[in-house]
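Numbering (my numbering), first residue to last: 223 to 318.
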């Protein structure tokens, strides 16, 4: 699922695996809350997603498939991935 939020500096794109949408994960002091409308979006192809990413200022990747997409496209690195109850999450910020 791809959610796009528009801000003055550019869009923030959240890419989240559909099977974990609507759930909340907690581990220690970390909370990954995917139950809010913030993460709700539409399914996009990889091609559509690559076009959207070009103009974004911030990317959020949540879930195995989404994080793997970020790694494959050299947007995030393995050592920068956080996990909450084994659910991976990573961010990419562009300074343009």
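Just so it is clear, CB atoms sit at the ideal spot from N, CA and C, and this is done for glycine as well.
What's the call for residue 240, buried or exposed, on a 16-neighbour Cβ count within 10 Å?
Residue mapping note: residue 240 aligns to position 18 of the chain shown, counting from 1. Result: exposed.
Between which two residues does the beta strand (DSSP E) containing residue 253 stretch?
Here residue 253 corresponds to residue number 31 of the chain shown, with the count starting at 1. Counting along the chain, the beta strand (DSSP E) containing residue 253 begins and ends at 252-255.
Taking all protein chains shown into account, do 16 or more other C-beta atoms lie within 10 angstroms of the C-beta of residue 178, making it buried, or fewer, making it exposed?
Given a span of 223 to 318 for the chain in the structure shown, any question on residue 178 remains unanswerable.
Give the straight-line distance between the Cα atoms of residue 233 and residue 282, rounded to the nearest whole angstrom.
Taking the first residue of the chain shown as position 1, residue 233 is located at position 11. Taking the first residue of the chain shown as position 1, residue 282 is located at position 60. Residue 233 and residue 282: Cα-Cα distance of roughly 11 Å.
Look up residue 277 in the DSSP assignment and say whether it is helix, strand or coil.
For this step, residue 277 is matched to residue 55 along the chain shown. Residue state, collapsed to three classes: coil.
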